[in-house]
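Here the structure comes first, spelled out in structure tokens, and everything after it is commentary.
Chains as they are written, first to last, in our numbering: chain A, 104 to 309; chain B, 104 to 309.
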């Protein structure tokens with residue numbers, strides 16, 4: 104059985120929703136990020152990078168959100184979570200997810216995790232001040248050039264959708280008003296109506 | 104015909120090598136990063152994100168290195184550049200490439216592109232000072248937990264290999280001596296023997 108390691112409010116929410124959408128049998132294990140459990144010896148034995156998500160499978164452990172999302176789409180093909188038989192369309196799914204992980208997520212991380220990249224308090228404050236601008240630019244790029252509607256890739260719901268929803272959850276705390284981005288905001292409301300999303304959000308609160 | 108937009112010394116080298124390994128018919132267009140050509144109206148019409156690589160296909164434009172690498176592997180299956188029929192093994196390829204794009208590449212970018220995330224000169228200097236430590240940690244993670252040898256995924260050469268080679272090219276300039284990482288250093292020498300790599304490195308110099 105699949106086992107997902109996740110942290111509250113992290114990008115692991117995307118993989119969690121994808122598992123629910125796929126109708127997967129899985130166990131979810133919460134990693135207590137506030138207690139730095141992701142760097143405990145027990146968790147580092149699962150993911151030596153000390154990050155969530157990690158997906159334990161019968162064949163071994165997978166990490167990194169874009170990899171886990173594509174894997175879930177591939178092993179549950181009946182759920183139609185990615186255009187698996189069309190390399191270009193699949194490439195677009197991957198490009199979107201890669202932009203979120205190496206672009207928008209990194210912009211977000213400079214708010215709370217700036218110490219990864221600088222040491223002095225003045226630098227960390229400087230980084231924090233720039234977060235709203237960078238998050239706004241990333242969401243504007245999605246609004247103007249990526250999100251086709253009703254779902255990210257158009258008529259078909261894919262693994263891009265829970266990932267965008269997850270990143271959008273950070274917007275308000277990062278000083279971005281999603282009302283300025285009507286397509287992204289409407290996508291968010293559409294996502295909240297999905298039972299899979301509701302089940303995961305309930306688990307996040309529990 | 105495929106058309107690759109690349110910049111000298113950028114992560115686009117990985118996609119360039121993959122195209123050569125695949126025996127693809129393609130045109131390569133150099134984007135003059137020093138002249139900020141990636142932000143010219145002409146290039147932004149190709150990739151509104153203003154980054155390289157971009158791969159123009161008959162179906163449209165693909166961006167983001169992990170997406171382009173998987174696409175090349177998929178459309179040239181005879182080149183055996185990824186374990187396409189094994190979702191878990193393919194997921195491992197993707198996880199490796201995702202770690203490079205959202206981890207090691209980001210560490211590198213804080214040396215020369217710190218202004219993306221902070222404004223004050225003291226912050227940019229602080230970020231630059233931390234680059235060697237972060238690059239060393241990323242390469243140590245690859246050395247200890249990822250690179251199986253002789254290739255990243257073991258006996259099979261995959262699209263992970265040109266990507267690791269490309270990121271390794273940055274190590275010296277980022278203050279990291281690869282001699283401290285014997286598996287990564289040996290992988291690098293092995294890569295330099297490949298004709299596809301030599302052809303791309305010659306084009307980079309030209």
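Built from N, CA and C at the ideal position, the CB exists for glycine as well.
Helix, strand or coil at residue 167 (chain B) [DSSP, three-state]: coil
Min CB distance residue 149 (chain B) to chain A below 8 Å: no
Per DSSP, the bridge partner or partners of residue 130 (chain A): A:106
Sheet register partners of residue 160 (chain A) (DSSP bridge): A:163
Through-space distance from residue 168 (chain A) to residue 114 (chain A), alpha-carbon basis: 7 Å
Chain B residues whose Cβ lies nearer than 8 Å to that of residue 119 (chain A): Going along chain B, no residue has its Cβ under 8 Å from residue 119 (chain A), so there is no contact; the nearest lies around 17 Å.
Neighbouring residues, chain B, relative to residue 202 (chain A) (Cβ below 8 Å): 152, 166, 167
Cut-off 8 Å between Cβ atoms - residues of its own chain near residue 153 (chain A), not counting five sequence neighbours on either side: 141, 142, 146, 147
Beta-carbon proximity of residue 108 (chain B) to residue 156 (chain B), cut-off 8 Å: yes
At least three beta-carbon pairs within less than 8 Å, the region 243 to 254 of chain A to the region 254 to 267 of chain B: no
Opening and closing residue of the alpha helix (DSSP H) in which residue 266 (chain B) lies: 263 to 271
Check whether residue 213 (chain B) and residue 233 (chain B) have beta carbons under 8 Å apart: yes
Residue 170 (chain A) vs residue 118 (chain B) beta-carbon contact at 8 Å: no
C-alpha gap between residue 235 (chain B) and residue 188 (chain A), whole angstroms: 42 Å
Three CB pairs or more closer than 8 Å across the region 269 to 280 of chain A and the region 235 to 245 of chain A: yes
Minimum Cβ-Cβ distance from residue 284 (chain B) to chain A less than 8 Å: no
Minimum C-alpha distance to residue 198 (chain B) - residue among B:303, B:292, B:245: B:245
Residue 84 (chain B), DSSP secondary structure in three states: In the structure displayed, chain B extends from 104 to 309; residue 84 (chain B) sits before or after that span and is not available.
C-alpha gap between residue 111 (chain A) and residue 302 (chain A), whole angstroms: 14 Å
Same chain, Cβ closer than 6 Å to residue 230 (chain A), neighbours up to 5 away in sequence not counted: 213, 217
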